[in-house]
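Inspection log for the structure reproduced underneath, given as structure tokens.
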Amino acid sequence: MGSSSLLLLLATPLAGTLLVPLLPATFSSVRVRGFAALFGGLQLLVGLLCWQHPPADLQLSWLPKLGLRLDLGLDGLSLPLVLLTALITSLAILSAAADQSRPRLFFSLMLATNLGVVGGLLARNALLFLLAFELILIPITLLVAIWGGENRAGAAVRFLLYSAVSGLALLAAVLAFAWFNPGGPAFGFDDLHNAQIPPAAQRWILALLLLAFALKLPVVPLHGWQPFTYSQAPTPVVMLLAGSVSKLGAYGLLRFGVGFLPDTWAAWSPWIAAAGAISAVYGALNAIAQSDIRRLMAFSSLGHMGLLVLGLSAATPLSLQGAVAQMLAHGMIVALLFACVGLIERKTGTTAIPELSGLMNPLRGLPFTMGMLLLALMAAAGIPGLAGFPAELLVFEGSWTTFPRATLVSLIASGFTAVYAIRLFNRVGFGRLDNERADWSSTCWSERAPAMALTLLVIAAGLWPTALTGWSESESTRLALRSQPFLTGQVSTLADSGSHLVAVTFPSAAELRTS
Amino acid sequence: MTTPTATAPEPATAPLIPPSTHRYADVIHRLEAGGSMLPDTPENLMQIIGIYKAYAVPMDFYWRDLLYIAEQVFLDPLPAFKYFISQEYLDLPNSYAGDQSKLRIWRGGEKAHPELLEFMAKGEAGRMPKLLHHLWHDRINMEFAEACMEAMLWHQGMGGRFYDYLASDAYRANADRAIKAYFRGNPLMLGLYRLFPEMFMEQVKKMSYYANLGLFWEVMAPVFFEMSDIYDEGGFKGVPDAMNFLVNGIFAVAGRPIYHHVFIKGECFEIIPKSEGFTWLYEAALPYVEAVFYRTAPFRGTKSYNAQAYQVPADQADFHYGILYADVFPVGSAGIPPTLLMQDMLHFLPPYLEELYKQHKRGDEDKLIQLGITFQRSMYNVTSAVIQALRCALLYPLDDTDPEHLLANRRFFEAQMDRFLRPEARLPQIQTQDYR
Numbered sequence: 000m001g002s003s004s005l006l007l008l009l010a011t012p013l014a015g016t017l018l019v020p021l022l023p024a025t026f027s028s029v030r031v032r033g034f035a036a037l038f039g040g041l042q043l044l045v046g047l048l049c050w051q052h053p054p055a056d057l058q059l060s061w062l063p064k065l066g067l068r069l070d071l072g073l074d075g076l077s078l079p080l081v082l083l084t085a086l087i088t089s090l091a092i093l094s095a096a097a098d099q100s101r102p103r104l105f106f107s108l109m110l111a112t113n114l115g116v117v118g119g120l121l122a123r124n125a126l127l128f129l130l131a132f133e134l135i136l137i138p139i140t141l142l143v144a145i146w147g148g149e150n151r152a153g154a155a156v157r158f159l160l161y162s163a164v165s166g167l168a169l170l171a172a173v174l175a176f177a178w179f180n181p182g183g184p185a186f187g188f189d190d191l192h193n194a195q196i197p198p199a200a201q202r203w204i205l206a207l208l209l210l211a212f213a214l215k216l217p218v219v220p221l222h223g224w225q226p227f228t229y230s231q232a233p234t235p236v237v238m239l240l241a242g243s244v245s246k247l248g249a250y251g252l253l254r255f256g257v258g259f260l261p262d263t264w265a266a267w268s269p270w271i272a273a274a275g276a277i278s279a280v281y282g283a284l285n286a287i288a289q290s291d292i293r294r295l296m297a298f299s300s301l302g303h304m305g306l307l308v309l310g311l312s313a314a315t316p317l318s319l320q321g322a323v324a325q326m327l328a329h330g331m332i333v334a335l336l337f338a339c340v341g342l343i344e345r346k347t348g349t350t351a352i353p354e355l356s357g358l359m360n361p362l363r364g365l366p367f368t369m370g371m372l373l374l375a376l377m378a379a380a381g382i383p384g385l386a387g388f389p390a391e392l393l394v395f396e397g398s399w400t401t402f403p404r405a406t407l408v409s410l411i412a413s414g415f416t417a418v419y420a421i422r423l424f425n426r427v428g429f430g431r432l433d434n435e436r437a438d439w440s441s442t443c444w445s446e447r448a449p450a451m452a453l454t455l456l457v458i459a460a461g462l463w464p465t466a467l468t469g470w471s472e473s474e475s476t477r478l479a480l481r482s483q484p485f486l487t488g489q490v491s492t493l494a495d496s497g498s499h500l501v502a503v504t505f506p507s508a509a510e511l512r513t514s
Numbered sequence: 000m001t002t003p004t005a006t007a008p009e010p011a012t013a014p015l016i017p018p019s020t021h022r023y024a025d026v027i028h029r030l031e032a033g034g035s036m037l038p039d040t041p042e043n044l045m046q047i048i049g050i051y052k053a054y055a056v057p058m059d060f061y062w063r064d065l066l067y068i069a070e071q072v073f074l075d076p077l078p079a080f081k082y083f084i085s086q087e088y089l090d091l092p093n094s095y096a097g098d099q100s101k102l103r104i105w106r107g108g109e110k111a112h113p114e115l116l117e118f119m120a121k122g123e124a125g126r127m128p129k130l131l132h133h134l135w136h137d138r139i140n141m142e143f144a145e146a147c148m149e150a151m152l153w154h155q156g157m158g159g160r161f162y163d164y165l166a167s168d169a170y171r172a173n174a175d176r177a178i179k180a181y182f183r184g185n186p187l188m189l190g191l192y193r194l195f196p197e198m199f200m201e202q203v204k205k206m207s208y209y210a211n212l213g214l215f216w217e218v219m220a221p222v223f224f225e226m227s228d229i230y231d232e233g234g235f236k237g238v239p240d241a242m243n244f245l246v247n248g249i250f251a252v253a254g255r256p257i258y259h260h261v262f263i264k265g266e267c268f269e270i271i272p273k274s275e276g277f278t279w280l281y282e283a284a285l286p287y288v289e290a291v292f293y294r295t296a297p298f299r300g301t302k303s304y305n306a307q308a309y310q311v312p313a314d315q316a317d318f319h320y321g322i323l324y325a326d327v328f329p330v331g332s333a334g335i336p337p338t339l340l341m342q343d344m345l346h347f348l349p350p351y352l353e354e355l356y357k358q359h360k361r362g363d364e365d366k367l368i369q370l371g372i373t374f375q376r377s378m379y380n381v382t383s384a385v386i387q388a389l390r391c392a393l394l395y396p397l398d399d400t401d402p403e404h405l406l407a408n409r410r411f412f413e414a415q416m417d418r419f420l421r422p423e424a425r426l427p428q429i430q431t432q433d434y435r
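Protein chains in written order, with numbering that gives the first Met the number 0: chain A, 0 to 514; chain B, 0 to 435.
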């Protein structure tokens, strides 16, 4: 398949962004929604074709004076995330209410967000990545500001501020890459990888990258925007934000941090692992204390991002594979969680846990939605057979040899997931259905469909974990900075093969002890 | 909550006593005017009569099977087939229906209702062996009837002499004879009886309550059938008419004997003979209303009650889990008695109620809850009939001109309404039509 498919991956959401607002006013919001989802679906289809027939990289000159080139490419790290983004965009659009207000602008902005995320994932040029990264800021801020909850203005401003800082930090990092490159300013990924940047400059750049991407993920203590935004943003926006946009932060850490600054990353990784473990515990404990489902989900997401960061910091083949799997699994799980929460909110009018009970009631509750929510919570808690388990297992297994303490702390935090999951379900699902409030209609199949699709995927990925891990197997092995005792042979073989992405291989803790 | 859709009729002349200041003053004034706790609206009338019909068909099975168990199954240690009622009991003539009845309440036949027989043959799943219908629960759920019986047995001591009689020497002697006759030739069971006589005696008492409830419902089934027929003919003009029919029915059959006979190898053992003089109103109807409508027990499956945390009252008289207090919303949970009753009634809903439920809430999806709330309304009407009957028997006519008598009636009504001051009571909800 030619490299034109890469352009198609970008052209589809771009066309949607431009065409959806032009739809005639006579189109009902349901038809607008369907039309917008079509673009997401097309993008997914093109993504699947790219999977079957990997396209060649595309290199087009754009603004040569600035060093901005349209360098696009797909590999084992970006392809699964592109597919995930296309899928979640489609399902998030379909999760919108049938009577969505100002649907043309709403769905257009959703597709613009998709354009930014996919642009970032396809970029093979740091400046292009930066452009795509910054592009996301505008539609999300507008989506929160216009369609958000009661405190939408505050949430939008907070998101804007945090994202602006994140964008500025990334801009500085990208420029620093160019300035400190002894070979002259260049932004291509290959150039960045081969650049011999001085160690002191590497440290500054990595600090900026960590700031930029840890704000996007987020990681404690840079998470201030997340619970507020997640609690105020419309459900489809949160699905996209939590399921896909935040993964761009993880992808950035992996691509730029682990990939381009391996020495500094390896040196700083104990601190990064500590931040991941703290995020995991902080997120889980805060989730237990929440009295609003959206905020609970937000902190839960924060905790799971901590696990992801732990996997990235260990940078062993398994942990990196686990981190990519965690991006995919968490993307699907958190989208499913918010799809269910959106249905609950649409029917009951609230997400306040004290105001909800008895939703498992078979006749007047929301048993189907609650069933899917239970499954999503189980997946988030890492129950075997669901998507969360293989991802977390790989992260823990991959990180254990490098950072046993941080892994142990994260394991305990993962156990807390079950605590808030059970607490939430016990309060909201069981107990007495409030006679005064329980006057809502049941969910119809079209409302359930997006969540059902995600549910099936979460189950399928649990039963067939290769769907999560297979994509990145070779890429994560090439990017690995450390070996693991039972994978040492494999890594050294690849390293010996002259792969330019294999970096320093440190002995593991066990190996150090035996020596 | 909307405003009540009906109020008590305005008296033509100035009232002889001042208005009540009770929280349920409106309801009390309505009762004093000869009305029911349930507001008099055409929809309420339609709902309660429709559900009486849907209730009466399974009830026709309940009373027959209760008597079958009390009289035939008796102490069978493995009563796996106690719900497989014999043809003899399906054909057992109802004492208040058919040509043979001395007091004919229902104009229909004396044998099991045709709709019941049709359902028993096919169920929901179609024709298949009876055992499969049973195991699939595609049948009349006798478990509900047994739960009601157990409520009466367990609460006991709610007035009347029936419970005291179960501890009498005469009863124990009769029960002893029946036990020995039932297990004649079975040394194992007779040996166990010797070792644990009270266990067997307790089982016989339980059988006596089976008989008690069976005889109670034998009356109620034709009453409800007749009410449904009268409504279909356009005979009832309002809820008070329906209530008065019940009041009249209560007085008409009040003296019906309550007894317990057991048939062992063709011989009849009179464990509670008719000659003891136990009557329908005092030994069955009133205890039933108290035990089932008011008290019952916290049903399993809907909520966990922790007795050690005082979530269950220590005094049985404080129990308030009956249909008048019930939260009908948990209906639909597997295996709990209210759900079983709602499922039984679901099979026999008249078309006008089917149509009504389709128009409200979730339509067909939550029909079980909607009919459960209809049932709650109808039982408030039955309780109103019982309250009016008690007032009639113990106090003064409603049109009495003596203010002292009217005040006595007022105190009685207020005392009855005090039982609904609990937050769980559904009396305020049934005053409006939007409680469905």
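Here a beta-carbon is modelled for each residue, glycine too, at the ideal position from N, C-alpha and C.
The structure presented is a predicted model; accordingly, all values stated were derived computationally and were not measured.
{"Check": "Run through the DSSP bridge pairs and tell me what B/T278 is partnered with.", "Outcome": "B/P256"}
{"Check": "Can you give me the C-alpha to C-alpha distance between A/Q489 and A/T315, rounded to a whole angstrom?", "Outcome": "Annotation note: pLDDT 47 at A/Q489 (below 50); position unreliable, no value reported."}
{"Check": "Cβ atoms of A/P184 and A/A194: under 8 Å apart, would you say?", "Outcome": "no"}
{"Check": "For chain B, check one thing: does any of its Cβ atoms lie closer than 8 Å to the Cβ of A/R422?", "Outcome": "no"}
{"Check": "Would A/S299 pass as an interface residue toward chain B - the criterion being a Cβ-Cβ separation below 8 Å?", "Outcome": "no"}
{"Check": "Thinking C-alpha only, which one of A/P79, A/Q58 and A/L65 is nearest A/G72?", "Outcome": "A/Q58"}
{"Check": "May I ask you to list the residues that DSSP assigns as paired with A/L62?", "Outcome": "A/L67"}
{"Check": "Can you find the residues in the same chain that come closer than 7 Å, C-beta to C-beta, to B/M416, ignoring five residues on each side of it along the sequence?", "Outcome": "H21, Y23, V26 and I27"}
{"Check": "For A/E446, count the other beta carbons within 10 Å of its own beta carbon; 16 or more makes it buried, fewer makes it exposed. Which is it?", "Outcome": "buried"}
{"Check": "How many Å lie between A/F298 and B/F60 at the Cα?", "Outcome": "56 Å"}
{"Check": "Name, please, each residue of chain A whose Cβ falls closer than 7 Å to the Cβ of B/E353.", "Outcome": "Per Cβ cutoff of 7 Å: no residues; B/E353 is ~16 Å from chain A at best."}
{"Check": "Could you check if B/R255 is buried or exposed, using at least 16 other CB atoms within 10 Å of its CB as the buried criterion?", "Outcome": "buried"}
{"Check": "DSSP on B/E269, reduced to helix/strand/coil?", "Outcome": "strand"}
{"Check": "Alpha helix (DSSP H) containing A/P573: first to last residue?", "Outcome": "Examination of residue 573 of chain A is not possible in this model, given that chain A is present from 0 through 514 alone."}
{"Check": "Determine the DSSP secondary structure at A/V218, reduced to helix, strand or coil.", "Outcome": "coil"}
{"Check": "Give me the chain A residues within the contact set of B/I368, using Cβ-Cβ distance strictly less than 7 Å, ordered along the chain.", "Outcome": "L362 and R363"}
{"Check": "Scan the stretch 434 to 447 of chain A for residues whose Cβ lies nearer than 7 Å to a Cβ of chain B and list them as they occur along the chain.", "Outcome": "N434, A437, S440 and S441"}
{"Check": "So, are the CB atoms of B/M219 and B/M58 less than 8 Å apart?", "Outcome": "yes"}
{"Check": "Excluding five sequence neighbours on each side, which residues of the same chain lie with their C-beta closer than 7 Å to the C-beta of A/L7?", "Outcome": "V45"}
{"Check": "Considering only DSSP beta bridges, list what A/N124 is partnered with.", "Outcome": "A/G187"}
{"Check": "Output yes if chain B places a C-beta closer than 8 Å to the C-beta of A/L373; else output no.", "Outcome": "no"}
{"Check": "Could you confirm whether any beta carbon from chain A is found closer than 8 Å to the beta carbon of B/E364?", "Outcome": "yes"}
{"Check": "How about A/R103: is its C-beta nearer than 8 Å to some C-beta of chain B?", "Outcome": "no"}
{"Check": "Please tell me whether A/G242 and A/V333 are closer than 8 Å, where the distance is taken between their beta carbons.", "Outcome": "yes"}
{"Check": "Check whether chain C comes within 8 Å of B/R361, counting only Cβ atoms and requiring the distance to be less than that.", "Outcome": "Considering every chain present, this structure includes no chain C. Its protein chains are A and B."}
{"Check": "Pair every Cβ in the stretch 230 to 246 of chain A with every Cβ in the stretch 333 to 346 of chain A, then say whether three or more of these pairs are closer than 8 Å.", "Outcome": "yes"}
{"Check": "Between B/Y209 and the rest of its own chain, which residues show a CB-CB distance below 7 Å, the 5 nearest in sequence each way excluded?", "Outcome": "L65, I68, A69 and M148"}
{"Check": "Does chain A have any CB closer than 8 Å to the CB of B/A231?", "Outcome": "Inspection of the sequence shows that residue 231 of chain B is occupied by Asp rather than by Ala. Not closer than 8 Å to any Cβ of chain A, the Cβ of B/D231 fails to qualify, so no."}
{"Check": "The alpha helix (DSSP H) that contains A/P316, what's its start and end?", "Outcome": "P316 to T347"}
{"Check": "What whole-angstrom Cβ distance do A/N320 and A/L205 have, given they're in contact under 8 Å?", "Outcome": "The identity of residue 320 of chain A in the sequence shown is Gln, whereas the question assumes Asn. Between A/L205 and A/Q320 the Cβ distance is about 22 Å, and since that is not below 8 Å, they are no contact."}
{"Check": "Name the residue from B/K357, B/L367, B/H359 and B/D326 whose alpha carbon lies nearest to the alpha carbon of B/H346.", "Outcome": "B/L367"}
{"Check": "In whole angstroms, what is the alpha-carbon distance linking B/A180 and B/M188?", "Outcome": "11 Å"}
{"Check": "Taking DSSP as the reference, what is the three-state secondary structure of B/F419?", "Outcome": "coil"}
{"Check": "I'd like to know if the stretch 415 to 435 of chain B and the stretch 32 to 46 of chain B are in contact, where contact means that at least 3 CB-CB pairs between them fall below 8 Å.", "Outcome": "yes"}
{"Check": "Just the Cα atoms here: how many angstroms apart are B/V222 and B/W105?", "Outcome": "6 Å"}
{"Check": "Can you tell me whether A/I411 is helix, strand or coil according to DSSP?", "Outcome": "helix"}
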